[in-house]
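Okay, structure first, notes after.
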Amino acid sequence: MLCSPSLQQYIVSDPVSRDAALIDTVLDFEPTSGAISTHTADKILSFIDAHSLNVKYILETHAHADHLTAAQYFRHKLPGVPVGIGARISQVQNTFAPVYGLDSKPDVFNGVFDLLFKDDEEIKLGSLICRVLHLPGHTPDHIAYLIGDAVFVGDSIFQPDVGSARADFPGGDPKALYSSMQRLMNLPATFRLFVGHDYPVDRAELCVSTVAQQRASNKHAKVGVSQEEFVQLRAERDAILGAPRLLHPSLQTNILGGRFPRDENGKPSFKLPISTPISL
């Protein structure tokens with residue numbers, strides 16, 4: 001596990017074969033200057049080399065709206081390693097293509113991901129079996145990866161004292177998010193849930209909790225909290241949340257599988273949709 005501020009990315013490996021997967025990798029991006037760097041990703045490459053890992057998959061839990069995936073950088077550095085995501089990514093692509101003018105480019109999404117996982121599909125990491133769990137709500141395409149007693153949950157649940165992710169993005173659904181969280185809490189009590197983000201107030205940053213801990217103390221959806229209560233809570237919370245700082249660069253990159261959109265001259269660039277109170 002490698003932490004950036006409030007953000008986790010993971011390396012999972014089979015101790016016998018050393019086959020490995022990367023989950024939710026990150027590019028470093030400075031929006032003021034537009035500079036993109038690979039400092040964080042290069043730390044992962046160093047770890048891979050130091051431990052002689054054989055990376056078999058580069059995996060995404062969903063199309064993130066708060067950071068740029070490093071999937072294509074790793075694909076470049078690790079030739080032949082496929083990038084995988086849930087098959088419902090097409091819903092997110094279709095939603096945002098017109099927002100960023102991508103709908104005018106034929107076949108723009110063809111082949112941007114190598115693997116589109118179906119619900120409950122399984123892949124192998126050496127002797128380990130990785131099962132795909134569809135966990136919609138935060139986004140419609142959201143999945144988790146269940147490997148042994150470890151679940152890499154992305155943004156489908158947060159640490160118990162943080163609770164849950166927002167459900168107000170296009171395609172988000174608080175009822176579906178509640179059901180996804182309950183699905184996780186119905187796993188065996190000792191199973192470990194590795195989160196994609198942590199936003200602590202008065203403690204050190206954490207990456208993992210157990211199902212038992214979530215059942216007992218998740219501040220938004222612990223045992224005894226009804227769907228109606230959760231939906232009301234999420235509506236109140238989401239109403240005061242601002243847009244993620246890297247919303248537009250992240251979505252434009254991530255729905256393209258980590259590739260950068262290009263302007264009419266073929267240069268990497270991002271579009272910034274704006275809203276104005278008057279017609280100018």
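Taking the UniProt record's numbering, I'd label the letters of the sequence shown as residues 1 to 280. Here a beta-carbon is modelled for each residue, glycine too, at the ideal position from N, C-alpha and C.
To the nearest angstrom, how far is it from the Cα of D119 to the Cα of I23?
17 Å
Could you tell me which residues DSSP puts in a beta bridge with T253?
Paired residue(s): none; T253 is not in a bridge.
Any idea if S180 is buried or exposed, counting beta-carbon neighbours within 10 angstroms, 16 or more meaning buried?
buried
Can you tell me whether P273 is buried or exposed, with buried defined as 16 or more other CB within 10 angstroms of its CB?
Burial is judged here by how many other beta carbons sit within 10 angstroms of a residue's own beta carbon; P273 has fewer than 16 and is exposed.
For N94, does the three-state DSSP call read helix, strand or coil?
helix
Between which two residues does the alpha helix (DSSP H) holding L233 run?
227–238
Only counting runs of 4 or more residues, tell me where the alpha helix (DSSP H) segments fall wholly within the stretch 15–82, in order along the chain.
39–50, 71–77
Specify the secondary structure class of R183 as computed by DSSP and reduced to three states.
helix
Give me, in chain order, the residues of the same chain whose beta-carbon lies closer than 7 Å to that of T95; leave out the 5 immediate sequence neighbours on both sides.
P170, G171
With distance defined between alpha-carbon atoms, name the residue in L102, P98, I36, Y73 nearest to D263.
L102
DSSP three-state call for S217: helix, strand or coil?
helix
Residues in its own chain within less than 7 Å of H67 by CB, not counting five upstream and five downstream?
L7, V26, L246, S250
Could you check the C-alpha separation between A35 and H134 for me, to the nearest Å?
34 Å
Could you give the first and the last residue of the continuous beta strand (DSSP E) run that contains H134?
128–134
In chain order, what residues of the same chain lie with their CB nearer than 7 Å to the CB of A167, ignoring the 5 residues before and after it?
G137, H138, D173, P174, L177, R234, D238
Measure the C-alpha to C-alpha separation of F194 and Q214 and round it to an integer number of angstroms.
12 Å
Using DSSP bridges, identify the partner residues of I151.
As written in the sequence, residue 151 is Val, which differs from the Ile given in the question. L146, L193.
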